[in-house]
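Residue numbers for the sequence shown follow our numbering, beginning at 1195 and rising by one. To keep things clear, I will list the structure first and then write my remarks on it.
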Amino acid sequence: MAQPIPFPAPDAPEGLQLPQNVEAEAALLGAMMIDNRVAEDVLQKLRPEHFFEPLHGRIYDMISMLVGDNRLATPVTLRPLFVNDAAMKELGGPAYLAQLTGNPASLIGARAFADQVYDLAVLRALVTVGRDLVDSALDTSEDINPAKQIEQAELKLYEVAETGGEDSGAK
C-alpha cells in the first residue's frame, strides 16, 4: 500500500498561508499519469501556473506536452525530463513521479481535484489583487487618483476572472 506523501506547508507572513492544497495537486497528477484520458479532460481548464507547488506545475506542463503530442505520460516517460530537477531531487528524485501514482483511487476524484486546484489559484490571485489594492489605497501622495485606483482594481479583478488566476502559484 502506498504511503502518504508529506507536503510541508510553506511559511507565510503573519502565520497566514495562501490558499493551496498540494495533496489535491499530487492526486491529480497521479491520476493523469495513471490514465492519460484524465489529462485530456483537464487540459482545457488548468495551466501550470495554477499549481501552488512549482514542481507540480512543471510536472503538469510535461504531462500536457506529452499528451498533446499523442505520447504516453507515465512516471517512466517523464523520468528523463526531471533527472536534473533540483526540486524533484529534494522529494526523492524521479521516484517521486512513481509515488504520485500510488493511489489509484485518485482517478475517481480527478475532476474534483482539478476544480479545486483551479479554484485555489483564483483565490490566490484575489489575495494578490486585494493586497495590491490595500497598498495602493494607503498611498496618500498628492498625485494619487482614487478613481484611477478603482479602475486599476477593476481591471485586475477582470483579469483574474478571465485567466483563472494563472499567475497565482507559490510566491
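Where a beta carbon is used, it is the ideal one built from N, C-alpha and C, also for glycine. Here the structure is a predicted model, which is why all the values come from computation and not from measurement.
For this session: May I have a chain-ordered list of the alpha helix (DSSP H) segments no shorter than 4 residues that lie completely inside the region 1294-1348?
Result: 1304-1331
Exercise. Just checking, does the region 1300-1313 make contact with the region 1230-1246 on the three C-beta pairs under 8 Å criterion?
Worked result: yes
Exercise. For L1351, does the three-state DSSP call read helix, strand or coil?
Worked result: Here residue 1351 is taken as the residue at index 157 of the sequence shown, counted from 1. Looking at L1351 - three-state DSSP - the assignment turns out to be helix.
Exercise. According to the neighbour-count rule (16 or more other Cβ atoms, all chains shown, within 10 Å of its Cβ), is Q1214 buried or exposed?
Worked result: Numbered from 1 along the sequence shown, position 20 holds the residue referred to as residue 1214. So Q1214 ends up on the buried side.
For this session: Compute the Euclidean distance between the alpha carbons of I1344 and E1356, then round it to the nearest angstrom.
Result: What you label residue 1344 is simply residue 150 of the sequence shown in a count that begins at 1. What you label residue 1356 is simply residue 162 of the sequence shown in a count that begins at 1. Approximately 18 Å between the Cα atoms of the pair.
For this session: Buried or exposed for V1216, please, with buried defined as at least 16 other CB atoms from any protein chain shown within 10 angstroms of its CB.
Result: Taking the sequence shown and counting its residues from 1, the one referred to as residue 1216 is at position 22. Answer is buried; the Cβ neighbour count reaches 16.
For this session: Using three-state DSSP, classify F1246 as helix, strand or coil.
Result: Locating residue 1246 in the sequence shown gives position 52, counting from the first residue. Residue state, collapsed to three classes: coil.
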